[in-house]
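Enquirer: Residue numbers (the numbering used here), protein chains in the order written: chain H, 1 to 105; chain U, 1001 to 1193; chain X, 2001 to 2091. Cβ atoms here follow ideal geometry from the backbone N, Cα and C, with glycine treated the same way. Sharing a structure here in structure tokens format.
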């Protein structure tokens, strides 16, 4: 059980690392949104599921409820993260920022 | 783009109101009752998980407050009774989720490969393009937009009501695979074949 | 296992410092917003980790839920606010 938890947490931390490095490395703000939107969501999913599994070690009603709450956070992140990303993209388009392309580099 | 969107919204709102009003009383009472029940069920599950107490006092408080919220927000959670009414849609939608999780995992690996590649600037080719979708319902459009944002290298920039998606894609590979299998699966899940 | 969680928490804080670079020195306002969003989504995970370290998960999970909602609403409100402003290019 502990092996699965550690494996999932390390996968999630790799995803989070990719998100942070991608935010630093990509050339313009549209492409920076890709790691911020996807890798952070995936990393949050993996780590939260791992923590919920670890929390269910001592099985009782209260730990079951805590596990459900953690799953609730995951569902909320899955609904809200694309919406937040869409809001930021929409603000950029309406402010008139053009995307970075290969030709004008 | 803003003026266009507002114009469309203004033109669209009254049309839908006048559409839905004769439909709901004629043959939709059972279905709208079912959508009330669905909203109540979701709210009550949230109440039980968040409160964590199972005695009679807390449960009855939960029933009363969930009933009140359901009555207040009847057109907020499920504006069309059709989509909430049939259980088949919910079951097919739940069967769509594991495939979406698998796609999200593959998407994460792809973006991770791009992020850590030393010659990242040569690999990426960001572009904004449009695609026409054949989906109709509001819930199907929202699901498709969120799925596009969560899967390989693509972000939805703008969705118009008639199903035109403006999408920002990170590289060529993700641009080619877009209007393919995902749209078919969502159309199947929401019964819009 | 506590030591492992502590290491994970420290590593997450390090990643938050990396994202803070984009939030402070970002060329446009929207870049800073992306940095803030990334920090917020890491904080929700970090709160649950802290709860596991202190053995009080049932309390910290509520804080994490509230923080995730607050992060979402803050990003949405800020992006709605800044889309009225032209000239986000230079500063």
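Quick one: complete beta strand (DSSP E) runs, 3+ long, within the region 1139–1191 of chain U?
Expert: Counting whole runs of 3 or more residues, the region 1139–1191 of chain U contains the beta strand (DSSP E) stretches 1154–1159, 1164–1169.
Enquirer: Can you name the residues of chain X whose CB is closer than 7 Å to the CB of residue 19(H)?
Expert: By one-based count along the first chain, residue 19(H) stands at place 19. Under the 7 Å cutoff, chain X gives 2038.
Enquirer: Taking 7 Å as the limit between beta carbons, can you name the residues of its chain near residue 18(H), skipping five residues before and five after?
Expert: Within the first chain, residue 18(H) is the residue found at index 18, counting from 1. Correct list, in chain order: 35, 39.
Enquirer: Note the first and the last residue of the continuous beta strand (DSSP E) segment covering residue 1129(U).
Expert: On the second chain, residue 1129(U) is found 129 positions in, with the first residue counted as 1. It spans 1127–1132 - the beta strand (DSSP E) in which residue 1129(U) sits, taken as one unbroken run.
Enquirer: Thinking residue 2016(X) and residue 2039(X) are a contact (beta carbons under 8 Å), I'd like their distance in whole angstroms, please.
Expert: Here residue 2016(X) corresponds to residue number 16 of the third chain, with the count starting at 1. Here residue 2039(X) corresponds to residue number 39 of the third chain, with the count starting at 1. 5 Å between Cβ atoms; contact.
Enquirer: Please state whether the Cβ-Cβ distance between residue 2078(X) and residue 2020(X) is less than 8 Å.
Expert: In the third chain, residue 2078(X) corresponds to position 78, counting from 1. In the third chain, residue 2020(X) corresponds to position 20, counting from 1. Cβ atoms of residue 2078(X) and residue 2020(X): not closer than 8 Å.
Enquirer: For the region 6–77 of chain H, which segments carrying the alpha helix (DSSP H) assignment without a break, of at least 4 residues, lie completely within its bounds, in sequence order?
Expert: The qualifying runs are 29–34, 40–55.
Enquirer: For a cutoff of 8 Å on Cβ pairs, would you count residue 56(H) as touching chain X?
Expert: Stepping through the first chain from its first residue, residue 56(H) is reached at position 56. No, its Cβ sits nowhere closer than 8 Å to a Cβ of chain X.
Enquirer: Hey, is residue 53(H)'s beta-carbon within less than 8 Å of any beta-carbon in chain U?
Expert: Residue 53(H) sits at position 53 when you count from the first residue of the first chain. With 8 Å as the cut-off, residue 53(H) does not count as an interface residue toward chain U.
Enquirer: Sort 2080(X), 2081(X), 2043(X), 2030(X) by Cα distance to residue 2069(X) and report the nearest one.
Expert: Sequence index remark: in the third chain, residue 2069(X) carries index 69 (1-based). The shortest Cα separation from residue 2069(X) among 2080(X), 2081(X), 2043(X), 2030(X) belongs to 2043(X).
Enquirer: Between the region 21–36 of chain H and chain X, which residues of the former have a C-beta closer than 8 Å to a C-beta of the latter?
Expert: The region 21–36 of chain H vs chain X, Cβ under 8 Å: 21, 23, 24, 29, 32, 33, 36.
Enquirer: Taking Cβ-Cβ distances shorter than 8 Å, what residues in chain X pair up with residue 48(H)?
Expert: Numbered from 1 along the first chain, position 48 holds the residue referred to as residue 48(H). The answer, in chain order, is 2045, 2048.
Enquirer: Taking the beta carbon of residue 69(H) as the centre, do at least 16 other beta carbons fall within 10 Å, making it buried, or is it exposed?
Expert: Locating residue 69(H) in the first chain gives position 69, where the first residue counts as 1. With 16 or more Cβ atoms within 10 Å of its Cβ, residue 69(H) is classed as buried.
Enquirer: Nearer than 7 Å: is that true of the beta carbon of residue 31(H) relative to any heavy atom of the ligand SAM?
Expert: Of the ligands one can find in the structure shown there are none, so the ligand SAM has no counterpart to examine.
Enquirer: Strictly under 8 Å for the Cβ-Cβ distance: is residue 106(H) near chain U by that measure?
Expert: Residue coverage of chain H in this structure runs from 1 to 105, which leaves residue 106(H) outside it and unanswerable.
Enquirer: To which residues of the same chain is residue 1123(U) closer than 7 Å at the C-beta, ignoring the five residues directly before and after it?
Expert: Stepping through the second chain from its first residue, residue 1123(U) is reached at position 123. These residues qualify, in order along the chain: 1114, 1117, 1171.
Enquirer: By the criterion of Cβ-Cβ separation under 8 Å, what are the contact partners of residue 2075(X) in chain H?
Expert: Within the third chain, numbered from 1, the residue matching residue 2075(X) stands at position 75. Here the neighbours are 84, 87, 88.
Enquirer: Hey, could you find the ends of the alpha helix (DSSP H) residue 2016(X) is sitting in?
Expert: Sequence index remark: in the third chain, residue 2016(X) carries index 16 (1-based). Its alpha helix (DSSP H) spans residues 2002–2025.
Enquirer: Under 8 Å between C-beta atoms, does residue 1156(U) make it to chain H?
Expert: Taking the first residue of the second chain as position 1, residue 1156(U) is located at position 156. With 8 Å as the cut-off, residue 1156(U) counts as an interface residue toward chain H.
Enquirer: Given this structure, state the Cα-to-Cα distance separating residue 13(H) from residue 1143(U), to the nearest angstrom.
Expert: Numbered from its first residue, the first chain carries residue 13(H) at position 13. Numbered from its first residue, the second chain carries residue 1143(U) at position 143. For residue 13(H) and residue 1143(U), the distance between alpha carbons rounds to 28 Å.
Enquirer: Is the distance from the Cβ of residue 1157(U) to the Cβ of residue 1168(U) below 8 Å?
Expert: For this step, residue 1157(U) is matched to residue 157 along the second chain. For this step, residue 1168(U) is matched to residue 168 along the second chain. It is a contact, given that the beta carbons lie within the stated cut-off.
Enquirer: Could you have a look at residue 1038(U) and say whether DSSP puts it in helix, strand or coil?
Expert: As a working mapping, residue 1038(U) is identified with position 38 in the second chain. Three-state DSSP puts residue 1038(U) in a helix.
Enquirer: Taking the alpha carbon of residue 81(H) as the reference point, which residue from 21(H), 37(H), 6(H), 11(H) has its own alpha carbon closest?
Expert: Residue 81(H) sits at position 81 when you count from the first residue of the first chain. The shortest Cα separation from residue 81(H) among 21(H), 37(H), 6(H), 11(H) belongs to 37(H).
Enquirer: Under 8 Å Cβ to Cβ from residue 94(H), same chain only, skipping five residues before and after it: list those, please.
Expert: The residue labelled residue 94(H) in the question sits at position 94 within the first chain. Hits under 8 Å: none found.
Enquirer: Can you list, in chain order, the residues of the region 1126–1150 of chain U whose Cβ is nearer than 8 Å to any Cβ on chain H?
Expert: Taking 8 Å as the Cβ-Cβ cut-off against chain H, the residues of the region 1126–1150 of chain U that qualify are 1126, 1127, 1128, 1145, 1146, 1149, 1150.
Enquirer: Pull up the distance between the alpha-carbon of residue 2005(X) and that of residue 2014(X), whole angstroms please.
Expert: As a first step, residue 2005(X) is located in the third chain; it is residue number 5 there, counting from the start. As a first step, residue 2014(X) is located in the third chain; it is residue number 14 there, counting from the start. Cα to Cα, residue 2005(X) sits roughly 14 Å from residue 2014(X).
Enquirer: By alpha-carbon positions, which one of 1145(U), 1039(U), 1103(U) ends up nearest to residue 1132(U)?
Expert: By one-based count along the second chain, residue 1132(U) stands at place 132. Looking at the Cα atoms, 1145(U) is the closest of the given residues.
Enquirer: Take residue 1129(U) as the anchor and find which of 1141(U), 1154(U), 1107(U) has the nearest alpha-carbon.
Expert: The count along the second chain starts at 1 and reaches residue 1129(U) at position 129. The residue with the shortest Cα to Cα distance from residue 1129(U) is 1154(U).
Enquirer: Which residues of the region 2016–2032 of chain X have a Cβ closer than 7 Å to any Cβ of chain H? Give them in chain order.
Expert: If the cut-off is 7 Å between Cβ atoms, the region 2016–2032 of chain X has 2018, 2019, 2021, 2022, 2028, 2030, 2031 near chain H.
Enquirer: With a cut-off of 8 Å, does the C-beta of residue 93(H) fall near any C-beta of chain U?
Expert: Locating residue 93(H) in the first chain gives position 93, where the first residue counts as 1. Chain U, which has a Cβ nearer than 8 Å to the Cβ of residue 93(H), makes this yes.
Enquirer: To the nearest angstrom, how far is the alpha carbon of residue 84(H) from that of residue 2074(X)?
Expert: Position 84 of the first chain, counted from the first residue, corresponds to residue 84(H). Position 74 of the third chain, counted from the first residue, corresponds to residue 2074(X). Taking the straight line from one Cα to the other gives about 9 Å.
Enquirer: With DSSP as the reference, label residue 92(H) as helix, strand or coil.
Expert: Taking the first residue of the first chain as 1, we reach residue 92(H) at position 92. If DSSP states are grouped into helix, strand and coil, residue 92(H) belongs with the helices.
Enquirer: Contact defined as beta carbons within less than 8 Å: I believe residue 2063(X) pairs with residue 2002(X). What is the distance between those atoms, to the nearest angstrom?
Expert: Here residue 2063(X) corresponds to residue number 63 of the third chain, with the count starting at 1. Here residue 2002(X) corresponds to residue number 2 of the third chain, with the count starting at 1. Actually they are not in contact, since the Cβ atoms of residue 2063(X) and residue 2002(X) sit about 20 Å apart, beyond 8 Å.
Enquirer: Given a cut-off of 8 Å, decide if residue 88(H) and residue 2065(X) are closer than it, judged by their beta-carbon atoms.
Expert: On the third chain, position 65 is the one that residue 2065(X) refers to. On the first chain, position 88 is the one that residue 88(H) refers to. Going by C-beta atoms, residue 2065(X) is not nearer than 8 Å to residue 88(H).
Enquirer: List the residues of chain U whose Cβ lies closer than 7 Å to the Cβ of residue 7(H), in chain order.
Expert: For the purposes of this step, residue 7(H) is identified with residue 7 of the first chain, where counting begins at 1. What residue 7(H) touches in chain U: nothing, since even the nearest Cβ is about 14 Å away.
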